[in-house]
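Asks:
In full-length UniProt numbering, the protein residues as written are 1 to 87.
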């Protein structure tokens, strides 16, 4: 915001003229728009993958080898969290 409105008396003017929530939202939007688009896309893909895993955690995947042998894997086995690293 300082870049957009300059230094000096304008920051206090903004605080007095606009609700704090509006200024907070504006600042968060500015930070988000300055993020690297690739980083934003990777974060979105991670969130979508976690959402899919959570929605399908009770399902089972069946894999079949070339010889016809079948192996089942619970989708829940693909889920992890940072807490798992501490064990």
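Idealized CB from N, CA, C, for every residue including glycine.
Here the structure is a predicted model, which means the values were calculated and not measured.
(1) For a test of the three-state rule: what should DSSP assign to residue 30, helix, strand or coil?
(2) Are there three or more Cβ pairs, one per stretch, closer than 8 angstroms when the segment 38-45 is compared with the segment 15-29?
(3) Tell me whether residue 71 sits in a helix, a strand or coil according to DSSP, three-state version.
(4) I'd like the span of the alpha helix (DSSP H) that includes residue 48, first residue to last.
(5) On a Cα-Cα basis, can you pick out the residue from 33, 55, 72, 11 that is closest to residue 63?
Replies: On the basis of the supplied data:
(1) As a position in the chain shown, residue 30 is number 30, starting the count at 1. Helix at residue 30.
(2) As far as the Cβ criterion goes, the segment 38-45 does not touch the segment 15-29, which means the pair count is below three.
(3) Within the chain shown, residue 71 is the residue found at index 71, counting from 1. When DSSP states are grouped into helix, strand and coil, residue 71 belongs to the strand group.
(4) Walking along the chain shown from the start, residue 48 turns up at place 48. Note, residue 48: alpha helix (DSSP H), 37-55.
(5) Taking the first residue of the chain shown as position 1, residue 63 is located at position 63. Sorting 33, 55, 72, 11 by C-alpha distance to the C-alpha of residue 63 places 72 at the top.
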